[in-house]
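Participant: The structure is given below, and queries will be raised subsequently.
There are 2 protein chains.
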Amino acid sequence: MEKAVVVFSGGQDSTTCLLWALEEFDEVETVTFLYGQRHELEVDCAKKIADDLGVKHKMIQMDLLNQLTENALTRKDMEIEEGKVPNTYVEGRNHIFLSFAAIYAKTIGAKNIITGVSETEFSGYPDCRDAFIQSLNTTLNLAMDAELKFITPLMWKDKAEVWEMADQMGRLAYIRENTLTCYNGVIGDGCGKCPSCKLRNEGLQTYLERRAVL
Amino acid sequence: MEKAVVVFSGGQDSTTCLLWALEEFDEVETVTFLYGQRHELEVDCAKKIADDLGVKHKMIQMDLLNQLTENALTRKDMEIEEGKVPNTYVEGRNHIFLSFAAIYAKTIGAKNIITGVSETEFSGYPDCRDAFIQSLNTTLNLAMDAELKFITPLMWKDKAEVWEMADQMGRLAYIRENTLTCYNGVIGDGCGKCPSCKLRNEGLQTYLERRAVL
Numbered sequence: 001m002e003k004a005v006v007v008f009s010g011g012q013d014s015t016t017c018l019l020w021a022l023e024e025f026d027e028v029e030t031v032t033f034l035y036g037q038r039h040e041l042e043v044d045c046a047k048k049i050a051d052d053l054g055v056k057h058k059m060i061q062m063d064l065l066n067q068l069t070e071n072a073l074t075r076k077d078m079e080i081e082e083g084k085v086p087n088t089y090v091e092g093r094n095h096i097f098l099s100f101a102a103i104y105a106k107t108i109g110a111k112n113i114i115t116g117v118s119e120t121e122f123s124g125y126p127d128c129r130d131a132f133i134q135s136l137n138t139t140l141n142l143a144m145d146a147e148l149k150f151i152t153p154l155m156w157k158d159k160a161e162v163w164e165m166a167d168q169m170g171r172l173a174y175i176r177e178n179t180l181t182c183y184n185g186v187i188g189d190g191c192g193k194c195p196s197c198k199l200r201n202e203g204l205q206t207y208l209e210r211r212a213v214l
Numbered sequence: 001m002e003k004a005v006v007v008f009s010g011g012q013d014s015t016t017c018l019l020w021a022l023e024e025f026d027e028v029e030t031v032t033f034l035y036g037q038r039h040e041l042e043v044d045c046a047k048k049i050a051d052d053l054g055v056k057h058k059m060i061q062m063d064l065l066n067q068l069t070e071n072a073l074t075r076k077d078m079e080i081e082e083g084k085v086p087n088t089y090v091e092g093r094n095h096i097f098l099s100f101a102a103i104y105a106k107t108i109g110a111k112n113i114i115t116g117v118s119e120t121e122f123s124g125y126p127d128c129r130d131a132f133i134q135s136l137n138t139t140l141n142l143a144m145d146a147e148l149k150f151i152t153p154l155m156w157k158d159k160a161e162v163w164e165m166a167d168q169m170g171r172l173a174y175i176r177e178n179t180l181t182c183y184n185g186v187i188g189d190g191c192g193k194c195p196s197c198k199l200r201n202e203g204l205q206t207y208l209e210r211r212a213v214l
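For the record, the sequence lines run as chains A and B.
FYI, the numbering for the first sequence is 1 to 214, going by the UniProt record's numbering.
FYI, the numbering for the second sequence is 1 to 214, going by the UniProt record's numbering.
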């Protein structure tokens with residue numbers, strides 16, 4: 001009886017991970033972190049998908065991150081700019097989220113924590129890299145005398161390969177239509193203009209062209 | 001110009017660390033975590049000591065820990081019992097506190113984080129052990145592309161040796177009279193009956209007897 005917790009935002013990556021987890025594990029729960037996101041729509045989106053798929057959906061309030069640092073994702077008055085490290089970056093944010101996810105997993109008796117982080121598409125966030133995840137895994141097991149395991153199905157995939165994974169599960173259309181990645185809060189194919197939409201849509205295009213050739 | 005952040009509760013151990021840090025570093029700030037402690041007195045105590053010593057005192061609200069786990073320190077209706085792992089234990093609590101302290105340290109440009117954890121007196125808390133601290137240090141530097149350093153002056157000291165350290169700094173009386181360790185919220189020598197008082201007072205007795213012999 002293998003149980004898993006999926007760190008879940010309602011975006012393309014974490015929804016792909018959730019669908020994958022439902023194929024791999026006997027029991028799956030999701031955890032969503034609320035931290036003053038620009039788009040409460042994102043949370044509604046996550047809720048709807050979790051309900052669609054019949055999985056338990058735990059919300060964890062993380063507004064306390066604002067006590068430490070200020071940034072574009074949590075301060076609505078700041079603009080989002082392009083660049084190597086986007087100013088949407090909350091220093092150590094993923095470290096904190098994954099730590100809470102692991103503590104929650106231990107509490108409910110789940111051994112596996114699944115996160116859609118990717119080193120290929122890591123956009124300059126150091127706490128999405130594989131070396132970090134491995135180190136955090138060791139640290140948390142020491143912290144709690146635990147045997148938890150972080151699983152990162154997308155770590156070495158680019159966006160085209162994430163779409164391929166969705167397609168292989170027969171879920172490309174579902175993910176394309178129901179997930180939210182767009183910084184401007186437009187569900188599905190998004191606004192098409194923000195960095196997040198560009199990455200997502202270019203990946204989809206690349207995958208669809210690749211598939212057409214086969 | 002070396003700057004340090006001291007994780008500070010107003011208890012014997014963290015006050016000893018704070019006094020030590022003030023001797024070792026050019027600039028020192030304290031961080032106190034609020035997490036529904038039984039004794040708000042503890043926070044008043046921490047504030048008073050920080051004011052006495054003229055150091056900046058940052059409070060970080062951590063009530064969100066209650067979202068994950070329930071326990072004696074945060075649930076006032078539960079009894080405290082003795083045992084290997086006390087039921088005052090919040091799983092992964094120290095991991096979370098030290099992670100926040102490190103993010104805060106990076107934000108203010110401090111390289112050093114000082115914590116009074118001790119493996120000698122660790123009372124069964126796995127996230128007070130040296131192996132954990134070392135691993136967390138590596139993880140956080142990976143998470144933030146940082147060069148932070150955790151410093152644990154009390155790691156291998158028993159309570160008698162912590163009193164000795166206070167005495168060597170000429171601060172034994174100050175620490176004895178102004179700090180709060182007692183589970184029942186009695187400042188100074190405490191109620192004398194709870195496990196925390198017993199540990200503290202036996203340590204003091206041991207040290208004073210040792211000193212008398214010299």
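The beta carbon of each residue, even a glycine, is placed where N, CA and C say it ideally should be.
1. Of the choices B:160, B:149, B:68, B:109, whose alpha-carbon is the least far from that of residue 93 (chain B)?
2. Taking its Cβ as the centre, do 16 or more other Cβ atoms sit within 10 Å of residue 210 (chain B), making it buried, or is it exposed?
3. In this structure, does DSSP put residue 30 (chain B) in helix, strand or coil?
4. Do residue 138 (chain A) and residue 99 (chain B) come within 8 Å of each other at the CB atom, strictly closer than that value?
5. Three-state secondary structure (DSSP) at residue 150 (chain B)?
6. Looking at the C-beta of residue 32 (chain B), does it have a partner C-beta in chain A at a distance below 8 Å?
7. On the CB-based measure, 16 or more other CB atoms within 10 Å of its CB, does residue 12 (chain A) come out buried or exposed?
8. Along chain A, in chain order, which residues have C-beta atoms closer than 9 Å to that of residue 64 (chain B)?
9. Put residue 184 (chain A) into one of helix, strand or coil per three-state DSSP.
10. So residue 104 (chain B) contacts chain A; which residues on that side make the cut at Cβ distance below 8 Å?
11. For chain A, find out if any of its Cβ atoms is closer than 8 Å to the Cβ of residue 57 (chain B); answer yes or no.
12. Can you pull the chain A residues whose beta carbon is under 8 Å from the beta carbon of residue 164 (chain B), in chain order?
13. If you measure between the beta carbons of residue 202 (chain B) and residue 159 (chain B), is that distance less than 8 Å?
14. Just the C-alpha distance for residue 178 (chain B) and residue 205 (chain B), rounded to the nearest angstrom, thanks.
15. List the residues of chain A that residue 138 (chain B) touches, going by C-beta distances under 7 Å, in chain order.
16. Distance cutoff 8 Å, beta carbons only. Does residue 132 (chain B) sit that close to anything in chain A?
17. Bridge partners of residue 59 (chain B), per DSSP?
18. Would residue 142 (chain A) and residue 131 (chain B) qualify as a contact pair, given that the criterion is a beta-carbon distance under 8 Å?
19. Classify residue 214 (chain B) as buried or exposed, calling it buried when 16 or more other Cβ atoms lie within 10 Å of its own Cβ.
20. Listed from N- to C-terminal order along the chain, which residues in the stretch 143-156 of chain B have their beta-carbon within a distance smaller than 8 Å of any beta-carbon of chain A?
21. Decide if residue 127 (chain A) is buried, meaning its Cβ has at least 16 other Cβ atoms within 10 Å, or exposed.
22. Give the residues of chain B in contact with residue 91 (chain A), contact being defined as C-beta atoms less than 8 Å apart.
23. Give a yes or no on whether the minimum CB-CB distance between residue 195 (chain B) and chain A is below 8 Å.
24. For residue 17 (chain B), collect the residues of the same chain with a Cβ closer than 6 Å to its Cβ; drop the 5 residues on either side in sequence, then sort them by chain order.
25. Quick one: what does DSSP say residue 6 (chain B) is sitting in, helix, strand or coil?
26. What's the gap between the Cα of residue 31 (chain A) and the Cα of residue 59 (chain A)?
27. DSSP state of residue 79 (chain B), grouped into three classes?
Facilitator: Quick look at the numbers:
1. Measuring from the Cα of residue 93 (chain B), the nearest candidate turns out to be B:68.
2. exposed
3. strand
4. no
5. strand
6. no
7. Residue 12 (chain A) is buried by the Cβ-count criterion.
8. 60, 61, 62, 63, 64, 100
9. coil
10. 68
11. no
12. The contacting residues do not exist; residue 164 (chain B) stays about 29 Å from chain A at best.
13. yes
14. 18 Å
15. Residues of chain A whose Cβ lies closer than 7 Å to the Cβ of residue 138 (chain B) are, in chain order, 135.
16. yes
17. BP columns for residue 59 (chain B) point to B:32.
18. yes
19. exposed
20. Contact residues of the stretch 143-156 of chain B toward chain A are 143, 144, 145 (C-beta to C-beta distance below 8 Å).
21. buried
22. 103, 106, 107, 144
23. no
24. 6, 114, 116, 153
25. strand
26. 6 Å
27. Because the pLDDT of residue 79 (chain B) is 49, which lies under 50, any placement of that residue in the model is unreliable, and the question is left without a value.
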